[in-house]
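The structure appears right after this line, and notes come after that.
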Amino acid sequence: MIANTLTVILVLAGLVFFAAGTAGLLRFPDVYSRLHALTKADNVGLGLVILGLMFQAGGPADILKLILIWVLVLAAGTTAAHMVAQRTWTHGEFESDR
Amino acid sequence: MVGAAILWWILAGPEALLEPLALLAMLLAGGASLLLPVGRPLPLRPRAIPALLGFFLRSSFVGGLDVARRALHPRLPIEPAFVTYRSELAHGPPLTLFMAVVSLLPGTLSVRLEGRLLTLHVLDRNADTRSALIALEGRIRAAFRDPRKERGRHEEKNA
């Protein structure tokens, strides 16, 4: 019961961060600022969702699997953000839609 | 091979660990890790890692909170700007980690690296970005052994 309550609270909190990240993606004025919103807010959102799901895990293997997912998404997210930012820096005017 | 076994256990569960295919995969992974040329070992200091991890978890959470607040704020309180920062970290894993973590710190995003000169994008030009970067750099330096100092030590030994 306590585990289920914690799961619901943490997953809902995580979803707030995903919503905020998406709001930032839509509202922020340029590519770089949008990347801020996506990487950082989604990282915390996913972290909270994963933390919530850990209370439903069947054993240590499941918990490690969830942590592995978070670490891989984190590494992919920050690398992708940097690559998009670098591409925008070198080819930004060419591809600008403003 | 132990690493491959643990990974299989994580991904497929304990029952699947003794299946023929699992054993084959572990053997091949272990064999491949022996056959492939050995990369340089990561010059990590194990004792400094928990502190770095704690710092990272705390500040990346603050980073998410900060950008979520700005994104949902009705007046959208951001003042984007570019900032340059010259890092003293060695090229390779320390600098790569530094750039990756910078993108998850509150309000900073690493854009470009030229030599040791890092170009960052900040969401709030009035924030004290420099001291946050110096703090992060200090923590990463503490977690890695400096190859330049290592080399010096070897030379002393040989002399």
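Note that the protein sequences, when read in sequence, are chains A and B. FYI, the working numbering numbers position 64 of the first sequence as 64, with every residue one higher than the one before it. FYI, the working numbering numbers position 81 of the second sequence as 179, with every residue one higher than the one before it. In this text, a Cβ means the ideal position worked out from N, Cα and C, and glycines have one as well.
- The C-alpha of residue 237 of chain B is placed about 15 Å away from the C-alpha of residue 158 of chain B.
- By the C-beta criterion, the stretch 169-176 of chain B is judged not to be in contact with the stretch 42-51 of chain A, since fewer than 3 inter-stretch pairs fall below 8 Å.
- Residue 218 of chain B sits away from residue 229 of chain B, with the two beta carbons spaced by 7 Å or more.
- Contact of residue 86 of chain A with chain B by beta-carbon distance below 8 Å involves 209, 210.
- Counting only residues of its own chain and dropping the five nearest sequence neighbours on each side, residue 42 of chain A has a CB closer than 8 Å to the CB of 17, 18, 21, 77.
- Boundaries around residue 206 of chain B are those of the beta strand (DSSP E), 206-212, since no alpha helix (DSSP H) includes it.
- Each of A:55, A:47, A:86, A:84 was checked against the Cα of residue 68 of chain A, and the nearest Cα belongs to A:47.
- Per DSSP, residue 5 of chain A lies in no beta strand (DSSP E); the unbroken alpha helix (DSSP H) holding it starts and ends at 2-27.
- Chain B has a Cβ within less than 7 Å of the Cβ of residue 17 of chain A.
- Under the three-state reduction of DSSP output, residue 242 of chain B falls in the strand class.
- Contact annotation: in the stretch 168-179 of chain B, residues whose CB is within less than 8 Å of a CB in chain A are 168, 169, 170, 174, 176, 178.
- In this structure the stretch 189-205 of chain B touches the stretch 81-90 of chain A; the number of beta carbon pairs closer than 8 Å is three or more.
- Residue 82 of chain A has a beta carbon lying within less than 7 Å of a beta carbon in chain B.
- Non-local beta-carbon contacts of residue 222 of chain B in its own chain, meaning distances under 7 Å to residues more than five positions away in sequence, involve 176, 177, 205 in chain order.
- CA-to-CA, the gap between residue 36 of chain A and residue 121 of chain B works out to about 43 Å.
- Against chain A, the CB of residue 147 of chain B has no partner CB under 7 Å away; the residue lies outside that interface.
- Taking a C-beta distance under 7 Å as the contact criterion, residue 233 of chain B and residue 143 of chain B do not qualify as a contact pair.
- Taking a contact as a CB-CB distance under 8 Å, the pair residue 14 of chain A and residue 45 of chain A counts as one, their CB atoms being some 5 Å apart.
- When the Cα atoms are used, residue 152 of chain B and residue 146 of chain B turn out to be separated by approximately 10 Å.
- Any Cβ of chain A closer than 7 Å to the Cβ of residue 201 of chain B would place that residue at the interface, and such an atom is present.
- The three-state secondary structure of residue 222 of chain B, taken from DSSP, is strand.
- A straight-line Cα-Cα distance of about 18 Å links residue 173 of chain B and residue 225 of chain B.
- Counting along the chain, the unbroken alpha helix (DSSP H) around residue 149 of chain B starts and ends at 147-170.
- Judged by DSSP secondary structure, residue 179 of chain B falls within the beta strand (DSSP E) whose first and last residues are 179-184.
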